[in-house]
Each structure stands twice: as structure tokens, then as C-alpha cells.
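Engineer:
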Amino acid sequence: MTETSAWVPDGIDLERPSAARLYDYLLGGAHNFAHDRELAERFIKAQPNAREIARHNRSFLRRAVLFMIERGVRQFLDLGSGIPTVGNVHEIAQAADPTARVVYVDYEEVAYAHSTLMLASNPLATIVQADLTRPLDILDAPETRGLLDLTAPVGLLMAGVFHFVPPAKDPARIVATYRDAVPPGSHLALSQFTRDLMPAEMDRVVEVMKSSRDPMYPRTHAEITALFAGFDIEEPGVVPTALWHPDGGLDALDDLVDGDDPNRAGIYAGVGRKR
Ligand SMILES: C[S@@+](CC[C@H](N)C(=O)[O-])C[C@H]1O[C@@H](n2cnc3c(N)ncnc32)[C@H](O)[C@@H]1O
Numbered sequence: 001m002t003e004t005s006a007w008v009p010d011g012i013d014l015e016r017p018s019a020a021r022l023y024d025y026l027l028g029g030a031h032n033f034a035h036d037r038e039l040a041e042r043f044i045k046a047q048p049n050a051r052e053i054a055r056h057n058r059s060f061l062r063r064a065v066l067f068m069i070e071r072g073v074r075q076f077l078d079l080g081s082g083i084p085t086v087g088n089v090h091e092i093a094q095a096a097d098p099t100a101r102v103v104y105v106d107y108e109e110v111a112y113a114h115s116t117l118m119l120a121s122n123p124l125a126t127i128v129q130a131d132l133t134r135p136l137d138i139l140d141a142p143e144t145r146g147l148l149d150l151t152a153p154v155g156l157l158m159a160g161v162f163h164f165v166p167p168a169k170d171p172a173r174i175v176a177t178y179r180d181a182v183p184p185g186s187h188l189a190l191s192q193f194t195r196d197l198m199p200a201e202m203d204r205v206v207e208v209m210k211s212s213r214d215p216m217y218p219r220t221h222a223e224i225t226a227l228f229a230g231f232d233i234e235e236p237g238v239v240p241t242a243l244w245h246p247d248g249g250l251d252a253l254d255d256l257v258d259g260d261d262p263n264r265a266g267i268y269a270g271v272g273r274k275r
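Sequence positions in the sequence shown follow our numbering and run 1 to 275.
1. Ignore the nearest five residues each way along the sequence and tell me which others in LEU27's own chain have a CB closer than 8 angstroms to its CB.
2. Does the contact criterion of 3 or more C-beta pairs under 8 angstroms hold for the region 173-182 versus the region 125-140?
3. Which residue from TRP244, SER211, MET198 puts its Cα closest to that of ASN49?
4. Consult DSSP for MET216 and reduce its assignment to one of helix, strand or coil.
5. Please state whether the Cβ-Cβ distance between GLU108 and SER18 is less than 8 angstroms.
6. How should LEU117 be labelled, buried or exposed, when 16 other C-beta atoms within 10 angstroms of its C-beta is the threshold for buried?
7. Would ALA20 and ALA111 be called neighbours here (beta carbons separated by less than 8 angstroms)?
8. Just to confirm the assignment, what range does the alpha helix (DSSP H) spanning HIS114 have?
9. Quick one: grab the DSSP three-state call for ALA172.
10. Using the rule of at least 16 other Cβ atoms within 10 Å of the residue's Cβ for burial, across every protein chain shown, is LEU14 buried or exposed?
11. Could you tell me the alpha carbon to alpha carbon distance between ASP254 and GLN75, rounded to whole angstroms?
12. With a 10 Å radius around its C-beta and 16 neighbouring C-beta atoms as the bar for buried, classify GLY72 as buried or exposed.
13. Candidates ARG275, MET202, PHE43, ASP97: which alpha carbon is nearest TYR25's?
14. Using 8 angstroms for Cβ pairs, my map puts GLY29 next to ILE69. What's the rounded Cβ distance?
15. In this structure, what does DSSP give as the bridge partners for ARG273?
16. Taking 7 angstroms as the limit, name every residue whose beta carbon sits nearer than that to some heavy atom of ligand 3, in sequence order.
17. Which parts of the region 50-129 are runs of the beta strand (DSSP E), unbroken and 3 residues or longer, counting only runs that do not cross its ends?
18. Compute the beta-carbon to beta-carbon distance between ARG204 and PHE231, rounded to the nearest angstrom, for a pair I have assumed lies under 8 angstroms.
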């Protein structure tokens, strides 16, 4: 079996575009299908900065992992991890410390299949196919229990994913369940779409995403900040992704160049430390 066919899971519904494959397309990946690309083009029409927004979000994730590594975190639970692409969490963390451990979680079939292939020879990283709105399924999964020590600080990563969690699922309760399962000194990195920065574009995006498997729920700055309950939010607070510890890295995920408007990053991001 070639890799190309191995990442296409049996029985996948190619007609229904997914956020995972849309994001892969926006980041220049090849693990997407015609309907995903069609959705992505409509997304870009609604929000012309879509590619830039995706790159800024991915870059925030990289910086947040390095921030946590500097603070001694060596194990990560990456919720809504997506299809492997540039700057995967285990690559970033294990480049800094080869003993770092990562459990990825995604409910999307291609994300799971491709991650499984990529991690086959990495004993310190794995993926659980599960819905992050059911935290106990993930916290009690044998993969999680086998790889993570929940008595030592954990880096909880929730990048670009809570805008897929509807208010009815009580996002604050979900975050709190993960928070309560890890010890003080654990960290949370969270980023999510907002209407605050570009309301007209965000309203159009919400409409576009209604035809996907993953409708979107933007949140205000106050609502996103409230998700950090029980965490001390690190400086500079909850800010547009491009303003969270920009490091001017020269990789493919550069931060904003001088003169760009950080509000065009479209997504708020922050990192907190559990008290
Ligand atoms: C935009 S991607 C973000 C990927 C990565 N976290 C990043 O920031 O680069 C969002 C991912 O979250 C996944 N996702 C959305 N809702 C989810 C849920 N309830 N449970 C698990 N995964 C979810 C999607 O399948 C998709 O792969």
C-alpha cells in the first residue's frame, strides 16, 4: 500500500468537507479532497486572510510548545491536533528534548490515519481518535495512560479547536475537566476564532462552515479569557495570535512583518499556568 492510499481511510465520506482537511489545504498540505478544496475556496472568499490566519495559528502553537518546554513541561496532550503538517508538536518538543511525550487527539479520519502512519516508529508519541468534548474518553484512554504521567505537569494544547465546540456543550466545563485532571504547574495553550477583530468576515465564515462537518462558533475576548479559569494567564494575555510572543522565526511560519495589522490574525490566543 502506498502512503497516498494509506492516509485515505476506508469508508470516509468524501462529500462532506471537514475542518481538518480545510486547514490542511490552507496550510498548503495535500491531505484533502475536492469538496474540502471547494469549501476552502469559499472560506477564502469570505475571509481573504484565511491562509495567513491559519499560518499565524500554527505559528502560535509552535511558540506555545517552546514556551512550555522552557518552563519544564515535557509531556503534551494536543486536543484537536489536525492532519500532520509543518511544525508538528512532537517534532518541536522532541527536537528540544528527545524524551518529550505527546498524545494527539482528533476525531477526524484523515487526521487519525495520517498521524498513525507518521507516529508508527515513535514510541513517545501517539494519537487517540476521540471527541475532545468527552474528556474522560481521552483522559482514561490506554494510550493516554500509557504515555502521560498525569501526576507531573502536562501541556494542554487546544489550538484552533474550541471554535468547533458549540455553547451547548459547555466549553468551560470541558476545559475545566482537563484542568482538574492535571497537577499545578501544568499549562494550557488555547486559540480560537473571534468576531471581535473582523466581524463581517467572521459572519461570512460562520455561514460557509455551516455546510461542513464542523460548524463554527466564534467567541469574544471575554468568553475566551473565561476559558482559562483556574490558570494564571501569562503575559501578554489573550491577544491576536501574531502578538503572542512573536519570535520572528525564519521558518515557513514567520510572524507578521513590520507594518502588518495584527488584528488580521483573526484568532485570539493565550497561555496559562495552572495554579
Ligand atoms: C483547525 S484544526 C487545528 C489543528 C492544530 N491544533 C493547530 O492549531 O494547528 C482543528 C482540528 O480540530 C479537530 N476537531 C474539531 N472538533 C473536535 C472535537 N470535538 N474532537 C476532536 N477533534 C476535533 C478537527 O478535526 C481539526 O483537525
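For each residue, glycine too, the CB sits at the ideal point set by N, CA and C.
Structural biologist: This is what the structure holds:
1. ARG51, ALA54, ARG55, ARG58, THR85, VAL86
2. Yes, since at least three Cβ pairs between the region 173-182 and the region 125-140 fall closer than 8 angstroms, the two stretches touch.
3. MET198
4. coil
5. yes
6. exposed
7. yes
8. 109-119
9. helix
10. Here LEU14 is exposed, its C-beta having fewer than 16 other C-beta atoms within 10 Å.
11. Because the pLDDT of ASP254 is 49, which lies under 50, any placement of that residue in the model is unreliable, and the number read from its coordinates should be weighed accordingly. Each residue's alpha carbon lies about 25 angstroms from the other.
12. exposed
13. PHE43
14. 25 angstroms between Cβ atoms; not a contact.
15. Beta-bridge partners assigned by DSSP to ARG273: HIS187, ASP232.
16. As presented, the structure is devoid of ligand 3, carrying ligand 1 as its sole ligands.
17. 75-79, 101-106, 125-129
18. With a Cβ gap of about 32 angstroms, ARG204 and PHE231 do not count as contacting.
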